[in-house]
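*Asks:*
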Amino acid sequence: METVVSRGVILGMWLVGLLGGGASGASAQQASGTRYRPVTAGHVRPFYLAGVADTGVRVPGFQLAERAVSNAEFLRFVKANPGWQRSRVPRIAADPAYLRHWESDTVLGVATVASAPVVHVSWFAAQAYAEWRGARLPSTAEWELAASRFVRSVGPTPERLQTFLLGSYAQAGTEAIPSKTPASDEGIVGLHGGPWEWVDDFNSVVTSGESRGDGTPDDGLFCAGGAALTADPGNFAAFMRYAVRGSLRGSYALGTLGFRLARDASPPSGRSPQ
Amino acid sequence: MHRSSSTPVAWHRTPAVALTLGLLVVAACTSADSATRDPLADRPSGAMPVETLQVAYAPAVPAPITRRTPAKLVVNLETREVKKRLADGVEYTFWTFGGSVPGPMLRVRSGDEVEFHLNNHPSSKMPHNIDLHAVTGPGGGAASSLTAPGHSSQFTFAALNPGLYVYHCATAPVGMHIANGMYGLILVEPKEGLTPVDREFYVMQSEFYTAGRHGAAGVQPFDMEKALHEDPEYVVFNGSVGALAGENALQAKVGETVRMFVGNGGPNLVSSFHVIGEIFDRVHTEGGSIANQRDVQTTLVPAGGSAIVDMRLDVPGTYILVDHSIFRAFNKGALGMLRVDGDANAVVYSGKQNDVVYLPEGGAVQAMPRVAAAATERELPREELLARGQQVYAANCAACHQLGGEGTAGAFPPLARSDFLMANKDRAIGVVLHGLSGEVTVNGQKFNGVMPSLGLSNTDVAAVLSYVRTNFGNRASDLVSLRDVARVRAAGSGGH
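The structure is reproduced here in structure tokens:
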């Protein structure tokens, strides 16, 4: 599984170079500003993990985009980087569902809401977009940390959040509208209730698809699935998110999956974010 | 996904076909037991014939397999998340195989090769996979079939052991994927086939854990706490309340032999499957390949398990399918119907021959157990007395006389504006203390039933009568006191 991760990263870098994007690629200056919200440091208990301290893993503070990347924003990206347009992207970087909800390579069409989160994007495309914007995708731990903070809008206990999430996840198909779901305590919109979101290391949790306890840890990586290996077998909402991530490959472009940008708390100088 | 074109009528096998299969069964009986035989022994060395598997949706069953040699079967099964009816006025977002709960029934033959394609609809929110209990291999296929929305997975297995098997989704959290409706049945026929019958039905029990109480209207979300405590609001056959009742009842005729392929998706409860008024002539306990039991009243169907039951129908009427854990049937929905048409057979069952009054010696009235101890009783102030009376009424009286005291025409006399009640206070006390049987006239209507002695304490009798005599349009000027009740009790039940 180690090889899966590194192969994905290498392939992603290669594709970004090949297809354009990245900080040194076509100009990102036209892109409108993304509003970031600080997420303060905290602890996340990795979901599939034996042998980690009960306190979990400390996640340093970082910044996360207030909203997921929209169709309009992604349209600017593919216009500036034609290699990422629907008809030109190689199958290895995005499956046939890539941007299929758009009318054409560079036209959203009447059926697509420009301000809605872009879906039908592969992990490779999301990576390329993030580099083009001088940003990155959040890690699983960062995303989970940000998505756990709903005390003000949902309730003070994890159980309240879980009940809220199960109700939200239970809605059929893609009908959930992010703007109608509560923002996190730190002002981040659409973490729950909208499309699922890519994370940088989505394939660091590899579910075998067999969810009931086969999970023999694989070379120190936590092979998934097994309830016996989870930190909290009652956390159904987390099971669902990890099952989604575990079912993905980097080229998948699902209609229920988008992404948002992240960056470090103190962005390195010389690469000022847009 | 292909819906079977079979209809219940179409499966009524003609005598000619039944006879042919019967001969084949006899011939096969001489072959070795399936457990000691290599199911792949007759696999051809070259390519096998390829067929697209025809599936059927409950209560329909795919037609019996007439093929006597192995084949390669291609199955396409779609996972889809759909909002559908769970009960009247109640909707639920089901996660399904093939858009229905239970998923379609698959029928293959021991020794067949099955090429399985699991297609997850692009609108799905969740990844899904499939664990077929008929598969020999890791996860029963689940390890090879985790499928993201808008994707398709393929794996191939050999159907080795004959029997009736559950399939279900096993994606984390597995309990929730099953609780939301992801299960169905796959029958692996023995090479020699099953004993022929006239009709076959597909019945699958399962339970649902909704946030709202049973009957609460609207779209109901899944309730994890209730699932953890194994305390469902709904227990149903074939995916919804009433799926096998009323005009959806199973149909058959007198003289036919009927087989039910019974599955239990769970996720938690074990079913005590019973058909009221029938006896299972043959049972494949736990869905095994042989009919190992005869003459069974109720058979256990484990969660994630099955049973095959055969019954010959001798008498017309409606037979009720239940989980004999009986509150599930009458209060949570686990109730189906088999309607049998044909001529009556008075030798087997006479029907009701007579109905007479039964008066055992020592009084007709049954007594319920005494509950309260007289030593603690005392007169209560008016407000407290009436409040207690309301509680006693709701707990003991309202079931028959109704919450508003209106009674039920022809069965339970009204207490509202009741001339009988108000005419004689002591008589009313006596009725509550000792019960009442025989004909009475209340507000001009005749009633002839039995009210049991309720075993109430003197305080509760005083309270409930004070309440009833000052409510429901009754205008008593006085309350009933503890002393009144004690006096009537001391006088005994001779007056009634």
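Chain order of the listed sequences is W and L.
So in our numbering, the last spot in the first sequence is 288, and the numbers never skip.
So in our numbering, the last spot in the second sequence is 717, and the numbers never skip.
From the three backbone atoms N, C-alpha and C, an ideal C-beta is built for every residue, glycine too.
Please report how far the alpha carbon of V135 (chain W) lies from the alpha carbon of N552 (chain L), in whole angstroms.
*Replies:* As a position in the first sequence, residue 135 (chain W) is number 121, starting the count at 1. As a position in the second sequence, residue 552 (chain L) is number 331, starting the count at 1. Answer to the nearest angstrom: the Cα atoms are 48 angstroms apart.
*Asks:* Could you tell me which residues DSSP pairs with T520 (chain L) in its beta bridges?
*Replies:* Position 299 of the second sequence, counting from 1, holds the residue named residue 520 (chain L). The partner list for T520 (chain L) (beta bridge, DSSP) reads L:F494.
*Asks:* Can you give the Cα-Cα distance for L654 (chain L) and C618 (chain L), rounded to whole angstroms?
*Replies:* For this step, residue 654 (chain L) is matched to residue 433 along the second sequence. For this step, residue 618 (chain L) is matched to residue 397 along the second sequence. If you take the alpha carbons of L654 (chain L) and C618 (chain L), they lie about 13 angstroms apart.
*Asks:* Contact criterion: CB-CB distance below 9 angstroms. Does G320 (chain L) meet it with respect to chain W?
*Replies:* Along the second sequence, read from residue 1 onward, the residue named residue 320 (chain L) stands at position 99. G320 (chain L) does not count as touching chain W.
*Asks:* Which residues of the segment 355-376 of chain L have a Cβ closer than 8 angstroms to any Cβ of chain W? Give them in chain order.
*Replies:* Under the 8 angstroms Cβ criterion, the segment 355-376 of chain L contributes P359, G360, A363, A364, S365, S366, L367, T368, A369, P370, G371, H372.
*Asks:* Where does the unbroken alpha helix (DSSP H) through R533 (chain L) begin, and where does it stop?
*Replies:* In the second sequence, counting from the first residue as 1, residue 533 (chain L) sits at position 312. Note, R533 (chain L): premise wrong, no alpha helix (DSSP H); beta strand (DSSP E) at 526-533.
*Asks:* Is the segment 369-377 of chain L touching the segment 389-403 of chain L, taking contact as three or more C-beta pairs under 8 angstroms?
*Replies:* These segments do not touch.
*Asks:* For a cutoff of 9 angstroms on Cβ pairs, would you count T126 (chain W) as touching chain L?
*Replies:* Numbered from 1 along the first sequence, position 112 holds the residue referred to as residue 126 (chain W). So, not an interface residue.
*Asks:* Going along the chain, which residues of its own chain have a beta-carbon closer than 6 angstroms to the beta-carbon of A248 (chain L), five neighbours each way excluded?
*Replies:* Position 27 of the second sequence, counted from the first residue, corresponds to residue 248 (chain L). Any reading at A248 (chain L) needs caution, since the residue's pLDDT is 41, under 50, leaving its predicted position unreliable; the model's value is listed next. Residues of the same chain with their beta carbon placed closer than 6 angstroms to that of A248 (chain L) are lacking, with the five preceding and five following residues left out of the count.
*Asks:* What residue from W:A139, W:P172, W:Q176 has the CA that sits closest to G273 (chain W)'s CA?
*Replies:* On the first sequence, residue 273 (chain W) is found 259 positions in, with the first residue counted as 1. First, the amino acid is wrong: residue 273 (chain W) is Phe here, not Gly. Nearest C-alpha to F273 (chain W): W:A139.
*Asks:* Alpha carbon to alpha carbon, how far is K646 (chain L) from V483 (chain L)?
*Replies:* Here the question's residue 646 (chain L) lines up with position 425 in the second sequence. Here the question's residue 483 (chain L) lines up with position 262 in the second sequence. If I take the Cα positions, the gap works out to 58 angstroms.
*Asks:* Would S492 (chain L) and G384 (chain L) qualify as a contact pair, given that the criterion is a beta-carbon distance under 9 angstroms?
*Replies:* Counting from one through the second sequence, the residue named residue 492 (chain L) turns up at place 271. Counting from one through the second sequence, the residue named residue 384 (chain L) turns up at place 163. Not a contact, by the Cβ cut-off of 9 angstroms.
*Asks:* Kindly indicate if chain L contains any beta-carbon less than 9 angstroms away from that of G207 (chain W).
*Replies:* Reading the first sequence from its first residue, position 193 is the one you call residue 207 (chain W). No, its Cβ sits nowhere closer than 9 angstroms to a Cβ of chain L.
*Asks:* Just to make sure I have the definition right: I need the residues of chain W whose C-beta is within less than 8 angstroms of the C-beta of M445 (chain L). Which are they?
*Replies:* Here residue 445 (chain L) corresponds to residue number 224 of the second sequence, with the count starting at 1. Within chain W, the residues near M445 (chain L) are Q176, T177, L180, G248, F250.
*Asks:* With a CB to CB cut of under 7 angstroms and the five nearest residues on each side skipped, what residues in its chain are close to G123 (chain W)?
*Replies:* Residue numbering aside, residue 123 (chain W) sits at position 109 when the first sequence is read from its first letter. Here the set comprises W116, E117.
*Asks:* Would you mind listing the alpha helix (DSSP H) stretches within the segment 120-145 of chain W that are 4+ residues and don't spill past its ends, in chain order?
*Replies:* If we require 4 residues or more, the segment 120-145 of chain W turns out to have no alpha helix (DSSP H) run fully inside it.
*Asks:* Counting pairs of beta carbons, one from the segment 438-449 of chain L and one from the segment 347-359 of chain L, are three or more of them closer than 8 angstroms?
*Replies:* No contact exists between the segment 438-449 of chain L and the segment 347-359 of chain L.
*Asks:* What's the gap between the Cα of G659 (chain L) and the Cα of M672 (chain L)?
*Replies:* For this step, residue 659 (chain L) is matched to residue 438 along the second sequence. For this step, residue 672 (chain L) is matched to residue 451 along the second sequence. G659 (chain L) and M672 (chain L): Cα-Cα distance of roughly 9 angstroms.
*Asks:* Can you give me the C-alpha to C-alpha distance between G554 (chain L) and G628 (chain L), rounded to a whole angstrom?
*Replies:* On the second sequence, residue 554 (chain L) is found 333 positions in, with the first residue counted as 1. On the second sequence, residue 628 (chain L) is found 407 positions in, with the first residue counted as 1. About 27 angstroms.
*Asks:* DSSP on F91 (chain W), reduced to helix/strand/coil?
*Replies:* If you number the first sequence from 1, residue 91 (chain W) lands on position 77. In this structure, F91 (chain W) counts as helix in the three-state DSSP scheme.
*Asks:* Reducing DSSP to helix, strand and coil, say where T251 (chain L) ends up.
*Replies:* As a working mapping, residue 251 (chain L) is identified with position 30 in the second sequence. For T251 (chain L), the predicted structure reports a pLDDT of 41, less than 50, and the residue's modelled location is therefore unreliable. The matter cannot be settled from this model.
*Asks:* Between L:L556, L:D681, L:Q666, L:C621, which has its C-alpha nearest Q611 (chain L)'s C-alpha?
*Replies:* In the second sequence, the residue the question calls residue 611 (chain L) occupies position 390. When each option's Cα is compared against that of Q611 (chain L), the closest is L:D681.
*Asks:* Quick check on N340 (chain L): does DSSP put it in helix, strand or coil?
*Replies:* Counting from 1 along the second sequence, the entry for residue 340 (chain L) is found at position 119. N340 (chain L): strand per DSSP, three-state reduction.
*Asks:* Using a Cβ-Cβ distance cut-off of 9 angstroms, determine whether R277 (chain W) contacts chain L.
*Replies:* Taking the first residue of the first sequence as 1, we reach residue 277 (chain W) at position 263. Residue contact check for R277 (chain W) against chain L: no CB pair falls below 9 angstroms.
*Asks:* Can you tell me the Cα-Cα spacing of Q472 (chain L) and E428 (chain L), whole angstroms?
*Replies:* Here residue 472 (chain L) refers to the residue found at position 251 of the second sequence. Here residue 428 (chain L) refers to the residue found at position 207 of the second sequence. Their Cα atoms are separated by approximately 25 angstroms.
*Asks:* Which of the three DSSP states, helix, strand or coil, is assigned to W330 (chain W)?
*Replies:* Beyond the ends of chain W as shown, which are 15 and 288, falls residue 330 (chain W); an answer cannot be given.
*Asks:* Three-state secondary structure (DSSP) at I106 (chain W)?
*Replies:* If you number the first sequence from 1, residue 106 (chain W) lands on position 92. In the structure shown, I106 (chain W) sits in coil (DSSP, three-state: anything other than H, G, I, E or B).
*Asks:* Roughly how many angstroms lie between the CA atoms of V530 (chain L) and V504 (chain L), to the nearest whole one?
*Replies:* Reading the second sequence from its first residue, position 309 is the one you call residue 530 (chain L). Reading the second sequence from its first residue, position 283 is the one you call residue 504 (chain L). Cα-Cα distance, rounded: 5 angstroms.
*Asks:* Where F633 (chain L) and H622 (chain L) are concerned, what is the direct C-alpha to C-alpha distance, given to the nearest angstrom?
*Replies:* Residue mapping note: residue 633 (chain L) aligns to position 412 of the second sequence, counting from 1. Residue mapping note: residue 622 (chain L) aligns to position 401 of the second sequence, counting from 1. Distance between the alpha carbons of F633 (chain L) and H622 (chain L) is about 6 angstroms.
*Asks:* May I have the straight-line CA-CA distance separating N692 (chain L) from L675 (chain L), to the nearest angstrom?
*Replies:* Here residue 692 (chain L) refers to the residue found at position 471 of the second sequence. Here residue 675 (chain L) refers to the residue found at position 454 of the second sequence. Rounded to whole angstroms, N692 (chain L) to L675 (chain L) spans 21 angstroms at the Cα level.
*Asks:* Could you confirm whether any beta carbon from chain L is found closer than 9 angstroms to the beta carbon of V135 (chain W)?
*Replies:* Taking the first residue of the first sequence as 1, we reach residue 135 (chain W) at position 121. It does not; no Cβ of chain L falls within 9 angstroms.
*Asks:* On the premise that G75 (chain W) lies in contact with V58 (chain W), defined as a C-beta separation below 8 angstroms, what is that separation, rounded to the nearest angstrom?
*Replies:* For the purposes of this step, residue 58 (chain W) is taken as the residue at position 44 of the first sequence. For the purposes of this step, residue 75 (chain W) is taken as the residue at position 61 of the first sequence. Incorrect: roughly 13 angstroms between the Cβ atoms, too far for contact.
*Asks:* For a test of the three-state rule: what should DSSP assign to D681 (chain L), helix, strand or coil?
*Replies:* The residue labelled residue 681 (chain L) in the question sits at position 460 within the second sequence. Here D681 (chain L) sits in helix by DSSP.
*Asks:* Starting from the beta carbon of R300 (chain L), find every residue of chain W whose beta carbon is closer than 8 angstroms, and list them in chain order.
*Replies:* Translated into the one-based positions of the second sequence, residue 300 (chain L) becomes position 79. Just to set this straight, residue 300 (chain L) is Thr in the shown sequence, not Arg. Those do not exist, as T300 (chain L) stays about 12 angstroms from chain W at its closest Cβ, beyond 8 angstroms.
*Asks:* If you measure between the beta carbons of T287 (chain L) and D263 (chain L), is that distance less than 9 angstroms?
*Replies:* Here residue 287 (chain L) corresponds to residue number 66 of the second sequence, with the count starting at 1. Here residue 263 (chain L) corresponds to residue number 42 of the second sequence, with the count starting at 1. No, Cβ-Cβ distance for T287 (chain L) and D263 (chain L) is not below 9 angstroms.
*Asks:* Going by DSSP, what residue range makes up the alpha helix (DSSP H) through W316 (chain L)?
*Replies:* Within the second sequence, the letter at position 95 stands for residue 316 (chain L). Here W316 (chain L) belongs to no alpha helix (DSSP H); instead the beta strand (DSSP E) covers 311-318.
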